[in-house]
Structures are given as C-alpha cells and as structure tokens.
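Numbering-wise (this note's numbering), the sequence shown opens with residue 760 and increments by one. Heads up, the beta-carbon is just placed ideally off N, CA and C, and yes, glycines get one too. Just so you know, these numbers come straight off a predicted model, no measurement behind them. To start, the structure itself, in structure tokens.
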Amino acid sequence: MSPSLSPRSPSALADEVVALVVALPPTRPVRVLLDGVGSRSLSDALVPGLAAAGRAPLQVSAGDFLRPAGERLEWGREDVEAFRTTWLDAAALDREVLSASGVYLPALWDAEADRSARRPVEPVPAGAALLVDGILLLGRGLPAELTVHVALSPAALLRRGVPEWQLPAFADYDSSVRPAEVCDVLVRAEDPLRPAVLVRSCGSRPR
760 MSPSLSPRSP SALADEVVAL VVALPPTRPV RVLLDGVGSR SLSDALVPGL
810 AAAGRAPLQV SAGDFLRPAG ERLEWGREDV EAFRTTWLDA AALDREVLSA
860 SGVYLPALWD AEADRSARRP VEPVPAGAAL LVDGILLLGR GLPAELTVHV
910 ALSPAALLRR GVPEWQLPAF ADYDSSVRPA EVCDVLVRAE DPLRPAVLVR
960 SCGSRPR
C-alpha cells in the first residue's frame, strides 16, 4: 500500500468526509460528488453526521439522471462506449442539481420504468450538502466543492456485482480521466471494512 494512503474504518472515513464538508463556508450549498461503485453507501453514511452538524444532507443518485432507454441503448445493451460516455445525462444533472439556484430536482428519469420520475423541485437550504453519488462522474466538468472517488480493482468490481462487459469502461475511465489522481479524497476499498484513504485539498471547480 502506498505510504500516502492510510487505513480507516468506514465510520472514521464518514467522519472525515463530514469534517471536510463542515469546514467549507456555509454561505452556499456544498456540492459533493461521490464517485464509484458503492458510493451510495458512503452517501448514506454521511447523512447522520451532516445533519448533526447543521448541514442539511440532500441525496441525489446519478442513476436517476440516465437518458431514456431509446437513447442509452441505441447501439445495444452492452455497448461499452455508450455506457461510459452517454448513458448519464450529465448536462441535466448539472442544470437541475449542481448549478441550480436555490432548488434542486431529486430525480429526473426512472430508468427501470423508462419514464419521467415526476418529482417536483425541492428547496436547497443555505449551507446544505448536496450529495451526488454515481459511477464514472469525474472528467465531465460537473461543478463541485468536494470529490470523493472509490477505487476498486477489476476483481473487486466483479465481486460488487458489476457486469463483466462493463469492466473495459472502468478501465478506460481510470486511464483517461485518472479519477484517483484528480479527486479530493481517494478511497481504495478492496476491503470495504478497511478502506485506505488519501485526503487532498478541496475547492470549487469543474470535475
């Protein structure tokens, strides 16, 4: 293990990310991108600490901002390039959540039913924490004050239920975007009960 990474318990990791959010100015919402397989579990773990610190946690899943099936699957159900680059409607996620002013849309599209999620916009309190979890999120220019990348090997991805046909997309993402290098918090989670963590500086910029 790299000397710059240090082991944490899952609860210690959550506490550390909460502390990073709380340290940012509460004058506007803090946008947090939680990138990687398993990032929803991390999002859930942040909720109690953020709520206790008075930073209202607002959870959004990028999986609720996928394009309609007719667009996603135009080149087939297992097209690696489409999965990697176009399944997510990143522009809508930015417009309706990350760059929206004073309100946000919790979900845009129900991918399972392949129809609009029919959710109304909701208010965003000052100082709230917008937690956006998903996969392959970095390198799209999405604005955020804090980014967390959960890094997994191909074997670990398979163990977490990722279909084998998707592995080349994750490999391309790792080599072209280098999420482990550009994120603010790197979490190597081969062992989910003992992740290794590296914390860098954070600040508002497109990711």
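Alpha carbon to alpha carbon, how far is residue i from residue j?
i           : j           : result
residue 761 : residue 878 : Bear in mind that the predicted position of residue 761 carries a pLDDT of just 44, short of 50, making it unreliable; the figure below should be weighed with that in mind. So the two alpha carbons sit approximately 44 Å from each other.
residue 899 : residue 813 : 30 Å
residue 827 : residue 847 : 10 Å
residue 845 : residue 889 : 23 Å
residue 849 : residue 896 : 8 Å
residue 914 : residue 786 : 42 Å
residue 830 : residue 920 : 24 Å
residue 951 : residue 771 : 13 Å
residue 852 : residue 832 : 19 Å
residue 953 : residue 912 : 15 Å
residue 817 : residue 779 : 16 Å
residue 918 : residue 874 : 30 Å
If we count the other Cβ atoms within 10 Å of its Cβ and call it buried at 16 or more, is residue i buried or exposed?
i           : result
residue 784 : exposed
residue 768 : exposed
residue 776 : buried
residue 894 : buried
residue 788 : buried
residue 938 : buried
Near residue i, which residues of its chain fall below 6 Å by C-beta distance, leaving aside the five closest residues on each side in sequence?
i           : result
residue 841 : 834
residue 869 : 876
residue 872 : none
residue 944 : 907 and 958
residue 763 : 957
Measuring CB to CB, does residue i end up less than 7 Å from residue j?
i           : j           : result
residue 941 : residue 956 : no
residue 791 : residue 901 : no
residue 887 : residue 815 : yes
residue 838 : residue 866 : no
Beta-carbon within less than 7 Å of residue i's beta-carbon, same chain only, minus the 5 sequence neighbours each way: which residues are those?
i           : result
residue 799 : 820 and 892
residue 916 : 796, 926 and 929
residue 864 : 855, 856, 878 and 880
residue 882 : 861 and 862
residue 781 : 812 and 814
Using alpha carbons as the reference points, say which of the options lies closest to residue i.
i           : options               : result
residue 858 : 918, 873 and 903      : 903
residue 948 : 789, 786, 787 and 794 : 794
residue 825 : 816, 817, 811 and 843 : 843
residue 885 : 861, 874, 866 and 894 : 861
residue 910 : 923, 932, 922 and 889 : 932
residue 922 : 850, 836 and 950      : 836
Enumerate in chain order the residues of its own chain whose CB-to-CB distance from residue i is below 8 Å, with the five nearest sequence positions on each side excluded.
i           : result
residue 773 : 801, 804, 805 and 808
residue 765 : 955, 956 and 957
residue 935 : 898
residue 924 : 837 and 839
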